[in-house]
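This report concerns only the one structure given below.
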Amino acid sequence: MKIVVLLGAPGSGKGTLAAELAKEPGVRHLSSGDLLRAAVKNGTAAGVKAKAFMESGNLVPDALIAEMIEETVAADASTEVLLLDGFPRNVAQAEILAGMMARTGLSLQCALLLDVPDEIVIRRISGRRVCPKCGAGYNVDSLPPRVEGVCDACGAGLITRKDDVPETVAHRLAVYAEQTYPLIAYYREAGALVTVDGSGDDLAAKKRDALGKIR
Ligand code: AMP
Numbered sequence: 002m003k004i005v006v007l008l009g010a011p012g013s014g015k016g017t018l019a020a021e022l023a024k025e026p027g028v029r030h031l032s033s034g035d036l037l038r039a040a041v042k043n044g045t046a047a048g049v050k051a052k053a054f055m056e057s058g059n060l061v062p063d064a065l066i067a068e069m070i071e072e073t074v075a076a077d078a079s080t081e082v083l084l085l086d087g088f089p090r091n092v093a094q095a096e097i098l099a100g101m102m103a104r105t106g107l108s109l110q111c112a113l114l115l116d117v118p119d120e121i122v123i124r125r126i127s128g129r130r131v132c133p134k135c136g137a138g139y140n141v142d143s144l145p146p147r148v149e150g151v152c153d154a155c156g157a158g159l160i161t162r163k164d165d166v167p168e169t170v171a172h173r174l175a176v177y178a179e180q181t182y183p184l185i186a187y188y189r190e191a192g193a194l195v196t197v198d199g200s201g202d203d204l205a206a207k208k209r210d211a212l213g214k215i216r
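As structure tokens, this is what we get:
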């Protein structure tokens, strides 16, 4: 299994691109945010610890998310390319990941940066909607559901994630700038950084570009 670390601001479209790439055989998308949201929803011990951090837009403790990622990766035998979306989120987590890969014989294929200007990021996040029942994601501008406010896949009413409200978004972007942005230099210095222009709405073009760079 090869690891591809996805980098990009909240709202850059990492999750959407990763879901699209994961339609390719052998490619799997693992989102740390989805893992944590499932843990909160199921009321697991990790979920109970993570909840308040997440709702305030802060990062959960490194060890908590690292353990969840390692358990999930260890249980996965069939994946060829694992897209890590949302982990690592700071340099300490990147070091944890490097240790995890060394221990388990995994290698880093590359870190793929989805590059999007700030003003587009803010517009995208404020339009984001999610289905609380099946987890499908939408955007009122770029990926609207067929019927406004209703999930195409399961018919449930769509909601705005608690951490997508404007005050929390500003805080998440500040956390990103301070803690996650340095990972771009970290992976560039390691000679592992590749970049995809994420500013347009053409998902197929972004997918083609990304596939060419991660294979
Ligand atoms: P996301 O869906 O990736 O935007 O993540 C939602 C929230 O989950 C973040 O604002 C953090 O509170 C938490 N989270 C996700 N991934 C991590 C991580 N690698 N480290 C710490 N907290 C995380």
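Mapping of the sequence shown onto this note's numbering: position 25 corresponds to residue 26, and the numbering continues sequentially without gaps.
Glycine included, C-beta positions come from ideal geometry on N, C-alpha and C.
(1) Write down every uninterrupted run of the alpha helix (DSSP H) in the segment 78-106 whose length is 4 residues or greater and which is fully enclosed by it, in chain order.
(2) In the DSSP assignment, find the unbroken alpha helix (DSSP H) run with A112 in it and report its ends.
(3) Measuring alpha carbon to alpha carbon, tell me which of A95, D119, G48, L37 ends up nearest S13.
(4) State the DSSP-derived secondary structure class of V166, mapped to helix, strand or coil.
(5) Please report the Cβ distance between L83 and I215, rounded to the nearest whole angstrom; I am assuming they are in contact, meaning their Cβ atoms lie under 8 Å.
(6) Could you spell out where the beta strand (DSSP E) holding D198 opens and where it closes?
(7) Could you give the distance in angstroms between the alpha-carbon of C152 and the alpha-carbon of Y139?
(8) By DSSP, does K24 sit in helix, in strand, or in coil?
(9) Write down the C-beta distance between S33 and D116 rounded to the nearest angstrom, noting that I regard them as a contact closer than 8 Å.
(10) List the endpoints of the continuous alpha helix (DSSP H) containing R38.
(11) For R90, which option in D210, D202, I185 has the closest C-alpha, if you only look at C-alpha atoms?
(12) Would you identify the three-state DSSP class for G150, choosing helix, strand or coil?
(13) Report the option in K134, T181, A76 whose CA atom is closest to the CA atom of A39.
(14) Could you check which residue in Y177, P167, E179, A137 has the C-alpha nearest to that of A159?
(15) Within 8 Å, do at least three Cβ pairs link the segment 174-192 to the segment 46-57?
(16) Enumerate in chain order the residues of its own chain whose CB-to-CB distance from P145 is below 7 Å, with the five nearest sequence positions on each side excluded.
Looking at the atomic coordinates:
(1) 92-105
(2) Counting along the chain, A112 falls outside any alpha helix (DSSP H), though it belongs to the beta strand (DSSP E) covering 108-116.
(3) D119
(4) coil
(5) The Cβ separation is near 11 Å, so there is no contact.
(6) 194-198
(7) 8 Å
(8) coil
(9) 20 Å between Cβ atoms; not a contact.
(10) 33-43
(11) I185
(12) coil
(13) K134
(14) Here the sequence assigns Leu to residue 159, which means Ala is not the residue at that position. Nearest option by C-alpha distance: A137.
(15) no
(16) Y139
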